[in-house]
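Residue numbers for the sequence shown follow this note's numbering, beginning at -19 and rising by one.
Even glycine gets a Cβ: it sits at the ideal position worked out from N, Cα and C.
One structure below.
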Amino acid sequence: MQAMLLNAFANPALFELGEVAKPSPGPGQVLIRNVAAGINPIDWKTGTGGGPAALQGDFPIILGWECAGVVEAVGENCKAYNPGDQVLGFLNFPNPARCLAEYVVADMSHICPKPAALSFIEAGAIPLAGITAWQALALGGHDLTGKRVLILAGAGGVGHLAIQIAKLHGAEHVATTASAARHQLLESLGADACYDYHETDCLATAGQFDLILDGMGGQVGIDCLTALATDGLLITLPSVTADAVIAAAEAQGKQAQGIRANPNGNQLRALAKALAEGDIKVLIERTYTLDQLNQAMDLSRSGHAQGKIVIEIGN
Ligand SMILES: NC(=O)c1ccc[n+]([C@@H]2O[C@H](COP(=O)([O-])OP(=O)(O)OC[C@H]3O[C@@H](n4cnc5c(N)ncnc54)[C@H](OP(=O)(O)O)[C@@H]3O)[C@@H](O)[C@H]2O)c1
């Protein structure tokens, strides 16, 4: 099968189209013929040797943690799926998932059926970012009813889904930060207030928030602690700066925590249903073919993609 192979960690990482053996599904697994695979910042970060790079095995390695496609074969004890089923999944993270290839093996517990109302591109775009937003906001034990929520980087892959999930789970006021050009779109997704992060001290008049989802980390995450209510919680996504943000929060007598999104087929099923029923929309910045992966990574690395970037692999 064809796959985009990484032969060495580098910054930027360079992937090459190559031929590798098609994997076989083990017990409790399915083999998926990939149709669409979303990419995420974790892909290019891992390509530089960061994030979960050490877990990816020997070179050449194949990255990619989310996909949508068609079940080609099933392993032993895999009664829930049959060849021909359309599925989507956020697979194995942080261990190798290898979605940027024509075929990928998935644990049954990491996938869910693709609702007919979702295209493969939409389905391949939501698993990792959607589960991250879902776990950070909705299923982290937070009661969002009537709460004030702030989403930093609302135009990003996680952020635009988080705005909608927060509203769906009863948040009274959802504010976000983004470039001014994105504000109208984010308001159409449910944001009650948008702040342009290019303006100095842009959150000065925003008030206090019960929950902040920090999609930026580093100094941006630290600076927004002034907008966190004293009994509020900030959840910071970029793991590399999580300790610094948590320490800054503690120094102000406030609470912050990191998160690592975990594959979960049941949560993904609920998310896919919300999309299929029109409660949530996924924004697709653009699609690329598999051999154009390096260009797709460049766009993700720019830090200014609007919504998700998806690799079209088959049909
Ligand atoms: N811990 C976990 O399990 C986990 C899971 C998923 C993601 N993450 C991390 O979370 C972060 C966000 O992921 P993502 O997929 O949403 O990223 P993304 O799609 O690449 O985010 C891009 C967005 O960031 C916005 N942005 C850039 N600078 C900004 C600033 N200073 N303030 C506000 N917005 C700004 C851009 O908006 P403009 O175009 O308006 O500039 C753009 O829309 C990444 O670091 C990722 O690695 C962690």
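- In the assembly as shown, GLY197 is a buried residue. Its beta-carbon has 16 or more other beta-carbons within 10 Å.
- Placement of the Cβ of LYS261 at a distance of 7 Å or more from every heavy atom of ligand 1 is found.
- Within the same chain, PHE39, PRO40 come within 6 Å of ASN(-13) by CB-CB distance, once the 5 residues on both sides are set aside.
- Along the length of the stretch 82 to 128, whole alpha helix (DSSP H) runs at least 4 residues long occupy 100 to 105, 107 to 113, reported in chain order.
- The C-beta separation of LEU(-6) from ASN274 comes to about 6 Å, placing the pair in contact by the 8 Å criterion.
- DSSP places CYS204 in the helix class (H, G or I) of the three-state scheme.
- In this structure, GLY18 and GLY104 form a Cβ contact; the two beta carbons are roughly 5 Å apart against a cut-off of 8 Å.
- The C-beta separation of LEU124 from HIS149 comes to about 5 Å, placing the pair in contact by the 8 Å criterion.
- Beta-bridge annotation (DSSP): ARG266 is paired with ILE289.
- Per the C-alpha coordinates, the member of THR269, GLU265, ILE42 positioned closest to PRO76 is ILE42.
- With respect to GLN(-18), GLY55 sits apart: the two C-beta atoms are not nearer than 8 Å.
- Remark: the C-beta of SER168 is outside contact range of ligand 1, defined as less than 7 Å to any heavy atom.
- With 16 or more neighbouring CB atoms inside 10 Å of its own CB, ARG162 falls in the buried class.
- Counting C-beta pairs closer than 8 Å gives three or more between the stretch 105 to 115 and the stretch 139 to 149, which meets the contact rule.
- Spatial neighbours of ASP194 in its own chain (CB-CB distance under 7 Å, excluding positions within 5 residues in sequence) are listed in chain order as LEU132, GLY201, CYS204, LEU214, ILE215, THR216, LEU217, VAL225.
- At a cut-off of 4 residues, the continuous stretches assigned as alpha helix (DSSP H) that sit fully inside the stretch 214 to 243 are 222 to 231.
- Shown here for ASP172: same chain residues with a beta carbon closer than 8 Å to its own, the five before and five after excluded, namely HIS153, VAL154, ALA155 in chain order.
- Looking at the backbone, the Cα of ALA118 and that of LYS147 are separated by about 10 Å.
- In this chain, the alpha helix (DSSP H) harbouring GLN275 covers 273 to 281.
- In this structure, ASN20 has its CB closer than 7 Å to one or more heavy atoms of ligand 1.
- In the structure shown, GLN(-18) adopts extended strand secondary structure according to DSSP, grouped into three states.
- By the Cβ test, the stretch -5 to 4 is not in contact with the stretch 250 to 257, since fewer than three Cβ pairs between them sit closer than 8 Å.
- DSSP lists LEU132, THR216 as the beta-bridge partner residues of ASP194.
- Excluding residues up to 5 positions away in sequence, GLY137, VAL138, LEU141 lie with their Cβ nearer than 6 Å to the Cβ of ALA109 in the same chain.
- Not one heavy atom of ligand 1 lies closer than 7 Å to the C-beta of MET277.
- Going by C-alpha positions, ASP65 is about 20 Å away from TRP45.
- For GLY27, the closest C-alpha among the options ALA252, MET277, GLN272 is that of MET277.
- Shown here for LYS234: same chain residues with a beta carbon closer than 8 Å to its own, the five before and five after excluded, namely LEU205, LEU208, THR210, GLY212, LEU214 in chain order.
- When ILE260, GLU230, SER159, PRO74 are compared, the shortest CA-CA separation from LEU169 is found for ILE260.
- ILE42 sits in coil when the DSSP states are folded into three classes, being neither helix nor strand.
- According to DSSP, residue pairing for ASN75 in a beta bridge does not occur.
- By the beta-carbon neighbour count (other beta carbons within 10 angstroms, threshold 16), ASN242 is exposed.
- For the pair ALA34 and PRO74, the Cα-to-Cα distance works out to about 10 Å.
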